[in-house]
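Residue numbers (the working numbering), protein chains in the order written: chain A, 1 to 358; chain B, 1 to 144; chain C, 1 to 430.
Each residue gets a CB set at the ideal place from its N, CA and C atoms; glycine is no exception.
Structure first, then comments.
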Amino acid sequence: MLSDTGQKLYHWLDERFNLTPLIDYMQHKQVPVHKHSVWYYMGGVALFLFIVQVCSGILLLFYYQPGVDSSHESVRFIMTKVNFGWLVRSVHSWSANLMVFFVFVHMFSTFFTRAYQKPRELTWMTGFILLVLAMTFGFSGYLLPWDELAFFATKVGTDIAGAVPLIGEAMKIVLRGGDDVTGATLSRFYAIHVAMIPALFTVILGLHLLFVQRQGMHEPEAFKKLKPEQKKMIPFFPNFVLRDVLLWLIILNILLFLAVLFPWELGPKADPFVSAPEGIRPEWYFMFMFQFLKMLPAHIGFMEGEVAGILFFTLGGLVWLLTPLWAFKKRGKVDIMLLCGLLVIAFILVMTVIGYVY
Amino acid sequence: MKRNRFLNIILGGGTLAWLGSIFYPVFSFLNPPKRPEANVHSVKAGPADKLAVNSGEIIKFGRRPVLLIRMDTGEVRAFSATCTHLDCIVQYRQDSKQIWCACHNGYYDLRGRNISGPPPRPLDVYPVNIVNNEIIVSKPKQMG
Amino acid sequence: MKNQNHASFLCLAAMAVLVLWAAGLRAAEDDPPLSETDQCLSCHLDDDVMPQDYGEHDIHMQKGLSCAGCHGGDPANDDMDDSMSPAAGYVGIPDKKDIPRFCGKCHSDIDFMRQYQPAIQTDQAEQYGHSVHGAKLMRGDTSVAVCTSCHSGHNIMPASDPRSTVYALNVPETCNKCHGDAQYMKKYDIPTDQYEKFKKSVHGQALLEEQDTGAPACNDCHGNHGAMPPGITSISHVCGTCHINNMEYFAGTKMAAGFKKKKLHGCEECHGNHEVPKPSDKMIGDDKSSVCAQCHESGDKGFLTARVLRTRLDTLAAAYRKASVMKERVNSLGMDDLDIEFILQEAKQSLTKARTMIHTFDTLKVSALTTEGLVKNQQAIREARVQIEAYYIRRKGLGASTFIITLLIVALYLKIREIERRQKSTTGEV
Ligand code: HEM
Ligand code: FES
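So, in structure tokens, the structure goes:
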């Protein structure tokens with residue numbers, strides 16, 4: 001009965017939109033199976049978490065009121081008065097962090113499997129833009145509850161932006177909507193978080209997914225060398241998609257577990273007139289940059305230490321974005337790219353650990 | 001085949017239950033709570049004719065208590081009910097027609113000014129409007 | 001015709017009024033300053049022989065009384081000898097002992113003073129006569145304060161003017177000029193550390209640190225023109241002008257009667273006078289540091305009462321702290337603590353009332369209040385428990401959803417296996 005109506009509905013749609021080639025395409029699209037296949041799922045997890053973000057974010061918008069004397073109050077209100085408000089907020093916060101985490105994992109996995117090589121240069125570059133946007137999501141969202149830590153972290157964060165030579169000061173003023181972090185900053189961050197970044201992100205993500213669909217999955221070196229009959233493949237639909245869904249369910253379970261057992265906290269309301277409390281730190285994914293900048297000496301050569309640091313990260317990011325253009329080929333046993341990747345991971349890990357331990 | 005049927009039932013039922021466990025919280029989330037706003041800018045304090053002349057009443061304004069007074073002239077006024085001395089709750093005294101704090105016998109006049117006893121400062125005044133016989137108390141206006 | 005006449009008349013009248021008014025304005029504007037018309041001022045300013053403490057904001061100057069207003073003489077005459085002759089009414093510089101009468105000439109005359117302020121007091125000189133200062137002056141002691149000692153001679157401003165020596169915030173300094181000078185006060189055999197003590201007291205802190213003009217300065221307890229140390233009977237009335245309940249409670253006790261007999265000062269005996277510290281629950285009780293132990297001995301009735309009272313307060317204070325901690329926990333869990341807060345406000349009120357009720361030394365009355373507070377605290381704690389429990393109930397919901405999702409995961413896993421087995425059997429090896 002149920003499947004009958006399903007069939008009818010499918011036919012109705014197929015008649016009008018000619019779906020069959022699409023399904024055929026997806027069914028014929030093959031995903032390689034090998035010992036590194038797990039990494040194929042990481043982008044999907046990031047995608048799932050993005051969907052969770054969009055849904056929970058829209059729900060929060062029903063009650064959130066941006067403003068110096070309503071932001072904190074309305075978040076409190078969501079947590080205490082709105083049915084399941086505590087859950088929605090906790091899910092949104094946890095999922096945001098998980099999303100950034102999985103985007104990082106996804107990026108490094110494509111890096112190590114050299115998926116950025118021709119013809120996937122643009123997939124890599126759009127991917128990098130997504131990473132930057134995801135971090136901006138986090139940065140702008142962090143301020144919205146207008147609690148103490150977020151307030152001061154935003155102050156420090158925008159101060160760092162202000163240290164950029166030439167355009168820094170202007171950038172800081174535009175970000176803050178004035179000289180200081182105030183209600184004006186809050187309005188801006190709100191606009192950035194709920195309108196600007198989501199729109200950009202959706203477009204770039206669309207491109208990213210379109211590229212992946214057109215090009216199919218990248219095959220790692222060792223797999224490529226196999227004879228066609230030795231290559232193990234599964235159809236994208238339904239096999240790969242179902243596995244994706246399976247993993248999403250597992251992630252959902254983990255997400256709910258974290259959100260319920262470790263509910264996201266709400267610090268005391270920000271008071272611009274008290275001195276900064278102890279332990280102001282950015283969100284963990286900014287920690288490595290924050291810590292590195294902090295550890296730099298006051299002057300490096302003719303430059304201010306901080307300026308040099310910012311220059312370093314800007315150039316580093318640019319080089320990383322352009323990886324497909326300069327990537328070294330593997331020569332014999334030496335894999336320079338593997339070393340590069342490990343070096344970057346080591347740098348991020350060490351700085352993050354130092355940031356939290358000291 | 002029987003196992004297959006069983007699996008399909010579990011899958012279908014599970015999906016339904018799962019959808020339920022998503023939509024139930026979402027719908028109750030969208031259903032506005034009793035007090036539908038985070039920030040209290042004004043509070044409805046009941047019909048004006050229910051508040052007797054020459055009497056007072058404590059109402060809740062967000063996190064603070066507020067003293068609502070109906071004076072002999074019929075005018076309704078509202079003040080922060082938190083005594084400026086040591087935070088006791090003040091009350092309206094029908095005999096002396098003043099605001100009184102029982103804790104240390106502090107007195108305020110009907111404009112909230114401290115006139116005797118230990119209170120060092122006047123009480124905050126909350127603007128009152130009466131719309132269609134409904135008393136509406138609003139947040140004190142802030143400077144700037 | 002007639003109408004026109006009326007109109008032109010009105011016009012003329014209006015114009016006349018306008019012209020007169022404008023002329024008046026001009027006259028007022030063009031009035032030369034006192035320093036030019038007043039011969040005393042103009043010479044004294046030119047020759048630079050103005051009184052040392054002269055200030056231009058002086059109230060008498062402001063009101064146009066000028067020098068002659070007090071010192072007599074003829075300010076219109078520019079001949080020094082004539083204008084400053086007794087014939088011209090010149091009285092010159094008064095002796096210190098004559099100053100109260102000198103000022104009183106006007107200040108005790110309501111008919112004169114009324115012109116300046118309808119409700120002004122005119123009893124200062126009269127009161128002064130009854131003060132310690134005044135009594136000593138009458139006996140010929142000219143070291144004591146007279147009007148000018150506190151108000152200054154030629155820079156006098158109303159007490160409401162913050163620049164005035166007698167503005168509430170400035171009074172302690174003004175009194176301290178003499179009273180804090182050990183050398184000067186030597187012959188009187190009274191302490192000179194009042195100001196130092198006062199500065200540290202609750203009153204001093206409020207007045208001098210917080211600049212709260214509602215807090216008492218020296219004159220609020222001692223009076224000003226009639227300044228005198230408050231006597232044994234009056235002291236509790238002095239404190240009671242502000243601390244009404246405390247005074248009334250205390251006045252009704254047996255202890256108050258006992259104090260009177262023993263000639264002990266009411267409030268002061270326990271709270272001190274100039275150095276009144278912020279009261280704490282530690283003041284009452286049976287341990288060494290309590291004020292009760294200063295008189296009561298171990299075992300006597302007062303001693304027992306003190307112990308009971310202290311226990312009551314401590315129990316309530318502890319319960320209140322505990323409930324507050326619970327409220328904080330509810331808050332940090334992100335649960336609703338609004339109702340708890342309201343209940344706790346009431347609990348705190350009971351504690352505050354009980355602390356005041358201590359002054360009756362009536363264990364029943366105090367217990368009634370502390371019990372009321374304890375009940376409120378209990379209610380708050382119960383409410384907090386409900387909230388905390390609700391927080392944990394959420395985990396049960398989690399259990400249910402985890403179960404459903406896990407079931408789905410397993411079923412999906414089996415389904416995938418089944419699909420793939422089927423695919424294998426239809427397409428052979430993959
Ligand atoms: C929120 C951010 C992102 C989402 C939602 C997302 C989503 C996806 C999805 C669903 C896929 C296909 C499945 C897979 O290969 O895992 C994919 C592939 C890919 N993504 Fe992303 N991605 C994101 C960010 C990034 C970033 C930051 C990079 C690198 C800088 C990146 C680079 C790639 C590349 C190179 C592929 C092709 C992989 C292959 O063909 O094997 N993506 N992305
Ligand atoms: S608390 Fe109101 S008078 Fe003390």
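- Using a Cβ distance threshold of 7 Å, Met138 (chain C) and Ile59 (chain C) do not count as a contacting pair.
- Residue pairing by DSSP places Met233 (chain A) opposite A:Pro32 in a beta bridge.
- Short note on Cys101 (chain B): C-beta closer than 6 Å to some heavy atom of the ligand FES.
- If you look at Ser140 (chain A), you'll find it in the alpha helix (DSSP H) that goes 121–143.
- With a cutoff of 7 Å on beta-carbon distance, Leu316 (chain C) and Thr352 (chain C) are scored as not near each other.
- A distance below 7 Å separates the beta carbons of Ser83 (chain C) and Asn77 (chain C).
- Straight-line spacing of the CA atoms in His237 (chain C) and Asp336 (chain C) works out to 46 Å.
- Chain-order list of chain A residues neighbouring Leu19 (chain B): empty, with the shortest C-beta distance near 13 Å, by a criterion of under 9 Å.
- Our two residues, Ala199 (chain A) and Leu374 (chain C), have alpha carbons roughly 57 Å apart in a direct line.
- When secondary structure is reduced to three states using DSSP, Val353 (chain A) falls in the helix class.
- The alpha-carbon of Ile99 (chain B) is positioned some 37 Å away from that of His151 (chain C).
- The alpha helix (DSSP H) runs of length 4 or more contained entirely in the region 65–113 of chain A are, from start to end of the chain, 71–80, 85–112.
- In terms of CA proximity to Thr182 (chain A), A:Leu144 leads the group A:Met217, A:Phe347, A:Leu321, A:Leu144.
- Comparing alpha-carbon positions, the option among B:Ile10, B:Phe29, B:Val43, B:Gly13 lying closest to Asn129 (chain B) turns out to be B:Val43.
- CA-to-CA, the gap between Lys288 (chain C) and Val366 (chain C) works out to about 22 Å.
- For Trp100 (chain B), the beta-bridge partners assigned by DSSP are B:Gln91, B:Tyr107.
- Counted as a single uninterrupted DSSP element, the alpha helix (DSSP H) harbouring Pro172 (chain C) occupies residues 171–179.
- Just so you know, the alpha carbons of Leu13 (chain A) and Lys139 (chain B) end up roughly 57 Å apart.
- Closest option to Ser332 (chain C), judged by alpha-carbon separation, among C:Ile388, C:Asp281, C:Arg382, C:Lys282: C:Ile388.
- Within the region 279–293 of chain C, no residue has its Cβ closer than 7 Å to any Cβ of chain A.
- Partner residues in the beta bridge of Pro65 (chain B), as assigned by DSSP, are B:Lys60.
- For Val330 (chain C), the enclosing alpha helix (DSSP H) has its first and last residue at 301–332.
- With 16 or more other CB atoms across the displayed protein chains lying within 10 angstroms of its CB, Met42 (chain A) is buried.
- The beta carbon of Pro118 (chain B) sits closer than 6 Å to at least one heavy atom of the ligand FES.
- Secondary structure at Val45 (chain A): helix, using DSSP grouped into helix, strand and coil.
- Inter-segment contact for the region 286–295 of chain A and the region 306–320 of chain A is present: three or more beta-carbon pairs are separated by less than 8 Å.
- Annotated three-state conformation of Lys260 (chain C) is helix, per DSSP.
- At a cut-off of 7 Å between beta carbons, Phe29 (chain B) contacts chain A.
- Judged by DSSP secondary structure, Ile204 (chain A) falls within the alpha helix (DSSP H) whose first and last residues are 197–215.
- In this structure, the straight-line span from the alpha carbon of His274 (chain C) to that of Lys199 (chain C) is close to 8 Å.
- Between the C-alpha atoms of Phe79 (chain B) and Gly317 (chain A) there is a straight-line separation of about 58 Å.
- Only buried fits Ile405 (chain C), as 16 or more other CB atoms lie within 10 angstroms of its CB.
- Note: Val26 (chain B) is not bridge-paired with any residue in the DSSP secondary-structure output.
- Asp300 (chain C) counts as exposed, since fewer than 16 other C-beta atoms from the protein chains shown sit within 10 angstroms of its C-beta.
- With respect to chain B, the C-beta atom of Val88 (chain A) has a partner C-beta closer than 7 Å.
- The criterion of a C-beta distance shorter than 7 Å is satisfied by Trp124 (chain A) and Pro324 (chain A).
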